[in-house]
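Enquirer: Dumping the structure here so I can ask a few things about it.
2 protein chains.
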Amino acid sequence: MTDDYVEIARQGRLASALHTAGYKLTGPRLAVLYVLEMELCHASPQEVYERGVAIYPALGLSTVYRTLDILTELGLARPAYLGDASQRFTVHHDQRHYHLVCDACGAITDVDEDRITELACSLAAGLGFKPRGQYLEIYGLCQHCQAQPARPPVN
Amino acid sequence: MTDDYVEIARQGRLASALHTAGYKLTGPRLAVLYVLEMELCHASPQEVYERGVAIYPALGLSTVYRTLDILTELGLARPAYLGDASQRFTVHHDQRHYHLVCDACGAITDVDEDRITELACSLAAGLGFKPRGQYLEIYGLCQHCQAQPARPPVN
DNA sequence: CCGGTAATTGAAATTCTTTCTCAGCTAGAA
DNA sequence: TTCTAGCTGAGAAAGAATTTCAATTACCGG
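Which chain is which? The protein sequence lines are A and B, in order. Residue 100 in this note's numbering sits at position 100 of the first sequence; the count goes up by one each step and never skips. Going from the second sequence to this note's numbering is simple: count from 1 and add 155.
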């Protein structure tokens, strides 16, 4: 495990946005961005921290929270409750976050659908609301868990 | 302030659902349901508690959490992050929760739009997903805050 | 390439939120 | 009215998030 993550993260979309906004690209910060971009799109701060420590051992939990806050402020992440048991989760994407969340196994599937975006925007416009982003979550049963009546599969 | 809340809450949609599911309709529980139904559609447990105590002084915070859990389990409420500063919030409605959330003042506007429901359902169906409910949040600036460049209005 | 400085850092303390425990109480069926 | 499973509040405990602070560091300008 070398320091490749620095170069990889530095070239990423998130790092670029932070830099543009005037934030410094430090080692710990890049480790967090690397985790979010390459490993975990949807994760709790704790999970991000655990993965981050594997990359940058001195990483502190505070830095994870701080970085997630910055990303949220820049509109690159957002807090959400995904599924039942999960605590505070954060996700990232452009300005659209569309998810299918399985009630049984907790699996999260990303969906990208322009029609929803259009519909939501026209809806907001009709009410004089200026949208910055949007979040759609459909919860229910994934294909796997519909077949399997009792026990959840993986997670 | 009499005990009218008992009769009012007892006749509500939430109380009826709890009763059908076999839960007892107790004083503390009805106070929470009253608050949720008549006063606060979108609220943190703490806020529900504060209002609830005004109605039923002996109310405990545990009961608020427990009642919100039951409502969530029955699909009548759901946890969500609404806006920036807010902590864990819960909302209630049938199975559809569509919100416009203002980034500046935190105002939450409910939206009811069949087209979104249809679109989301057809989307899910195409992926073999069986939807139980859905949640859409559009965040941005409300009409008021677009005009007012600096300071948020009420809250 | 180097120095200065304001931003950033991790650890620890703190605060806030949520869950658990338990002995007493109560709604509602019989 | 009686009985009992379910419900209660208080306090303790666990868990999550934020704050503080002295030490460190990215990176701009020279």
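Think of the CB as a built atom: it goes at the ideal place given N, C-alpha and C, for glycine as much as any other residue.
For Pro212/B, which three-state DSSP category applies?
Expert: Correct three-state label for Pro212/B: coil.
Enquirer: How is Asn310/B classed by DSSP in three states: helix, strand or coil?
Expert: For Asn310/B, the predicted model reports a pLDDT of 32, less than 50, meaning its position is unreliable; a value from the coordinates is still stated below. Reduced to three states, the DSSP call for Asn310/B is coil.
Enquirer: My guess is that Tyr34/A and Tyr5/A are in contact by the Cβ rule of under 8 Å, so how many angstroms apart are they, rounded?
Expert: Sure, about 4 Å apart at Cβ, within 8 Å.
Enquirer: Nearest by alpha-carbon distance to Arg78/A: which of Leu119/A, Gln134/A, Ala21/A is it?
Expert: Arg78/A has its Cα closest to that of Gln134/A, out of Leu119/A, Gln134/A, Ala21/A.
Enquirer: By the three-class DSSP mapping on this structure, what secondary structure does Tyr294/B have?
Expert: Looking at Tyr294/B - three-state DSSP - the assignment turns out to be strand.
Enquirer: With a Cβ-Cβ cutoff of 8 Å, do Leu68/A and Pro45/A count as a contact?
Expert: Yes; because the gap between Cβ atoms is below 8 Å, this pair is in contact.
Enquirer: With distance defined between alpha-carbon atoms, name the residue in Leu127/A, Gly106/A, Pro131/A, Gly52/A nearest to Phe284/B.
Expert: Comparing Cα-Cα distances from Phe284/B to each of Leu127/A, Gly106/A, Pro131/A, Gly52/A, the minimum goes to Gly106/A.
Enquirer: Going by the beta-carbon positions, is the gap between Tyr211/B and Ala186/B smaller than 8 Å?
Expert: Contact: yes.
Enquirer: Quick check on Val309/B: buried or exposed, where buried means 16 or more other Cβ atoms within 10 Å of its Cβ?
Expert: The pLDDT assigned to Val309/B is 35, lower than 50, so where the model puts this residue is not dependable, and the model offers no usable value.
Enquirer: Which stretch, first to last residue, makes up the beta strand (DSSP E) that contains Ala77/A?
Expert: It spans 77 to 80 - the beta strand (DSSP E) in which Ala77/A sits, taken as one unbroken run.
Enquirer: Hey, could you find the ends of the alpha helix (DSSP H) Pro272/B is sitting in?
Expert: The residue you asked about is not Pro; residue 272/B is Thr in the sequence shown. 269 to 281 is the extent of the alpha helix (DSSP H) around Thr272/B.
Enquirer: Below 7 Å between beta carbons is the criterion; list the residues of the region 266 to 297 of chain B that meet it against any residue of chain A, in chain order.
Expert: Listed by position, the residues of the region 266 to 297 of chain B near chain A (Cβ gap below 7 Å) are Val266, Glu268, Arg270, Ile271, Leu274, Ala275, Leu278, Ala279, Leu282, Gly283, Phe284, Lys285, Pro286, Arg287, Gly288, Gln289, Tyr290, Leu291, Glu292, Ile293, Tyr294, Gly295, Leu296, Cys297.
Enquirer: Could you tell me the alpha carbon to alpha carbon distance between Ile156/A and Cys145/A, rounded to whole angstroms?
Expert: As displayed, chain A neither begins before 1 nor continues past 155, which places residue 156/A out of reach and without an answer.
Enquirer: My output table needs one value for His174/B: the three-state DSSP class, helix, strand or coil.
Expert: It is helical.
Enquirer: Look up Lys285/B in the DSSP assignment and give the residues it is bridged to.
Expert: DSSP lists Leu141/A as partners of Lys285/B.
Enquirer: Could you name the residues that DSSP lists as bridge partners for Leu100/A?
Expert: Looking at the DSSP assignment, Leu100/A forms a beta bridge with Thr109/A, Ile138/A.
Enquirer: Chain B beta carbons: is any one of them nearer than 8 Å to that of Gln146/A?
Expert: Answer yes: the Cβ-Cβ gap between Gln146/A and chain B drops below 8 Å somewhere.
Enquirer: Express the C-alpha separation of Ile138/A and Ala150/A in angstroms, rounding to a whole number.
Expert: In this predicted model, Ala150/A has a pLDDT of only 46, less than 50, meaning its place in the structure is not dependable; the value taken from the coordinates is given anyway. If I take the Cα positions, the gap works out to 21 Å.
Enquirer: Alpha carbon to alpha carbon, how far is Ala104/A from Pro152/A? Give it in angstroms, no decimals.
Expert: In this prediction, Pro152/A has a pLDDT of 39, which is less than 50 and means its spatial position is unreliable; what the coordinates show is noted afterwards. Looking at the two C-alpha atoms, the distance is approximately 6 Å.
Enquirer: Do the CB positions of Leu291/B and Leu136/A come within less than 8 Å of each other?
Expert: Yes.
Enquirer: Pro200/B versus chain A: which residues are under 8 Å apart at the beta carbon?
Expert: In chain order: nothing, as chain A lies at least about 14 Å away.
Enquirer: Starting from Gly12/A, follow the alpha helix (DSSP H) in both directions and report where the run begins and ends.
Expert: First-last for Gly12/A: undefined, no H or E at that position.
Enquirer: Note down, in chain order, each residue of its chain lying with its Cβ closer than 8 Å to the Cβ of Ser171/B, except the 5 sequence neighbours on either side.
Expert: Cβ neighbours of Ser171/B beyond the five flanking positions: none.
Enquirer: Tell me which same chain residues have a C-beta within less than 7 Å of the C-beta of Met1/A, skipping the five on either side of it?
Expert: Per-residue confidence for Met1/A stands at a pLDDT of 48, beneath the threshold of 50, marking its modelled position as unreliable; no derived number is given.
Enquirer: For Leu100/A, go through chain B and note every residue whose CB falls closer than 7 Å to its CB, in chain order.
Expert: Near Leu100/A (Cβ distances below 7 Å), the residues of chain B are Ala279, Leu282, Phe284.
Enquirer: Give the range of the alpha helix (DSSP H) segment to which Val187/B is assigned.
Expert: Residues 182 to 189.
Enquirer: What three-state label does DSSP hand Asp4/A in the structure shown?
Expert: Three-state result, Asp4/A: helix.
Enquirer: In whole angstroms, give me the CA-to-CA distance for Ala21/A and Glu118/A.
Expert: Their Cα atoms are separated by approximately 28 Å.
Enquirer: From Ile225/B to Leu278/B, what distance separates their C-alpha atoms?
Expert: Approximately 29 Å, taken between the alpha carbons.
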